[in-house]
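Residues 368 to 706 (the working numbering) make up the sequence shown, in order.
Here the structure is laid out as structure tokens; the discussion comes afterwards.
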Amino acid sequence: MKTARIVLYFIIGTIVLLYGVSFLLPSTYQVERKTVVKADYETVFPMISNLREHVMWSPWRERDSSISEIFLGEDGKPGSIYRWKGNDEVGEGEQEITAVRPDRVDMEVRFLQPFKTSSSAWLTIDTKDLETVEVKWGFAGKIPRPLNLMLLFTDFEQAIGKDYDAGLQKLKTLAEKRFESKDPFRDVVVQEVYFDPRYFVYRSLEATQDSELLNKVLETGEKLKSLAERRGLEIFGNLVLQFVRQPSGGFVVHVGFPFARYTALPGYQSGMLPDGEFYFAGIQLGRASLMEMAQLVSRKSGLEAVDSFMVDFLEYRQIAETGNGLVGVFVSKNESNQQ
Numbered sequence: 368m369k370t371a372r373i374v375l376y377f378i379i380g381t382i383v384l385l386y387g388v389s390f391l392l393p394s395t396y397q398v399e400r401k402t403v404v405k406a407d408y409e410t411v412f413p414m415i416s417n418l419r420e421h422v423m424w425s426p427w428r429e430r431d432s433s434i435s436e437i438f439l440g441e442d443g444k445p446g447s448i449y450r451w452k453g454n455d456e457v458g459e460g461e462q463e464i465t466a467v468r469p470d471r472v473d474m475e476v477r478f479l480q481p482f483k484t485s486s487s488a489w490l491t492i493d494t495k496d497l498e499t500v501e502v503k504w505g506f507a508g509k510i511p512r513p514l515n516l517m518l519l520f521t522d523f524e525q526a527i528g529k530d531y532d533a534g535l536q537k538l539k540t541l542a543e544k545r546f547e548s549k550d551p552f553r554d555v556v557v558q559e560v561y562f563d564p565r566y567f568v569y570r571s572l573e574a575t576q577d578s579e580l581l582n583k584v585l586e587t588g589e590k591l592k593s594l595a596e597r598r599g600l601e602i603f604g605n606l607v608l609q610f611v612r613q614p615s616g617g618f619v620v621h622v623g624f625p626f627a628r629y630t631a632l633p634g635y636q637s638g639m640l641p642d643g644e645f646y647f648a649g650i651q652l653g654r655a656s657l658m659e660m661a662q663l664v665s666r667k668s669g670l671e672a673v674d675s676f677m678v679d680f681l682e683y684r685q686i687a688e689t690g691n692g693l694v695g696v697f698v699s700k701n702e703s704n705q706q
């Protein structure tokens with residue numbers, strides 16, 4: 368009987384001690400993580416303010432492929448709710464948008480399983496420049512005593528923060544892909560350059576699909592280059608393609624090299640490359656067709672249409688060996704129909 372009382376007193380003492388310790392530990396927690404996204408505000412904000420978008424980058428959704436989900440209310444507005452019920456790892460609960468501002472979205476997260484609790488969450492967005500934003504994701508709540516004794520054995524901030532970091536990384540990846548698809552050529556910068564008159568030796572080809580045209584162009588260029596070298600002639604630049612629109616609406620392509628002086632070679636034509644002011648952009652071969660590249664430079668320069676343009680194989684040797692490399696696209700500033 369005495370032993371039983373000792374055991375009982377020990378149990379009661381331990382409970383009292385632990386309950387007392389719980390008052391020495393914090394009963395609230397707050398976690399916040401951030402990431403920098405290379406995308407504009409218009410791309411990212413809907414992804415953090417709409418619950419249907421939010422779950423697309425949730426770090427927990429993928430942990431239960433059969434999770435049950437319900438969306439209520441007008442998405443992106445206060446009062447809209449996302450409810451979920453899944454396995455033991457994701458639990459059961461709901462998330463409600465409580466406030467939406469241009470730079471912040473506040474939510475209340477109510478867990479039903481594995482235990483009932485309510486926490487606050489928020490997402491903020493800060494525009495760094497036209498193509499960069501910083502997103503912060505925060506979470507705060509209370510752990511009722513004596514459940515806060517879990518803090519003795521678990522780094523709550525690290526555990527939640529790890530998931531938040533994973534979610535923000537998914538957001539960053541998805542947002543940057545979406546932004547890239549909006550304008551894959553936003554990195555292409557158009558400059559203005561000036562050309563003096565240059566002698567040009569070339570052979571004319573019919574403009575066809577790029578995949579077919581490139582082989583013909585490189586074959587023509589190699590033969591012309593070899594002939595010029597055998598005759599000791601000085602080539603004055605890279606391989607050049609001059610596209611000229613025909614009355615029928617199609618294009619003919621003059622493929623050749625600039626020369627330091629007037630040169631005549633059997634089987635080739637001699638002439639002059641256009642001189643004057645040009646709009647120029649360097650573009651990696653293969654990102655678009657040569658015609659699309661010219662249209663891109665034209666559009667960025669305020670021209671409605673292009674009747675002629677030049678393509679300079681800036682990395683000619685690499686293109687000849689691998690089929691890839693940088694080309695320069697030149698559109699004359701004198702093109703008609705300028706806006």
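A virtual CB, placed ideally from N, CA and C, is assigned to each residue, including glycine.
Looking at C-alpha atoms only, which residue of G446, I492, Q480 and A655 is the closest neighbour of V411?
I492
Reducing DSSP to helix, strand and coil, say where R430 ends up.
helix
Tell me the rounded alpha-carbon separation between Y569 and F603.
Roughly 13 Å separates the two Cα atoms.
Report the option in R400, I415 and F697 whose CA atom is closest to the CA atom of Q558.
F697
Would you mind working out which of K405, I464 and S433 sits nearest H421, comparing C-alpha positions?
I464
What residue range does the alpha helix (DSSP H) around F412 cover?
Y408 to S416
Spell out the partners DSSP gives G649 in its beta bridges.
G695
Please identify the residue among G460, G643, V398 and S487 whose C-alpha is closest to the C-alpha of Q480.
G460
So the beta strand (DSSP E) A488 belongs to, where does it begin and stop?
T484 to D496
If I'm right that G440 touches I448 with Cβ under 8 Å, what's the distance once you round it to whole angstroms?
Right, their Cβ atoms sit about 6 Å apart.
Throw me the rounded Cβ distance for the A542 and M414 pair, which I believe falls under 8 Å.
6 Å
What number of angstroms, rounded off, separates the C-alpha of F684 from the C-alpha of K590?
Contrary to the premise, residue 684 reads as Arg rather than Phe in this sequence. Whole-angstrom Cα-Cα distance: 14 Å.
Quick one, which of V694, S699, K401 and M658 has its alpha-carbon nearest F536's?
Correcting the residue identity first, residue 536 is Gln in this sequence and not Phe. Nearest C-alpha to Q536: K401.
Indicate the three-state DSSP secondary structure (helix, strand or coil) for A595 in the structure shown.
helix
For I437, is the classification buried or exposed, using 16 other Cβ atoms within 10 angstroms of its Cβ as the cut-off for buried?
exposed
With distances taken Cα to Cα, identify the nearest neighbour of E644 among M677, V476, G534 and I434.
M677
Hey, A574 and L581 are a contact pair by Cβ (cut 8 Å); roughly how many whole angstroms apart?
About 12 Å; that fails the 8 Å criterion.
Is it buried or exposed, S699, if we count other Cβ atoms within 10 angstroms and call 16 or more buried?
Classification for S699: buried.
Given a threshold of 16 other Cβ atoms within 10 Å of its Cβ, counted over all protein chains shown, does A648 qualify as buried or as exposed?
buried
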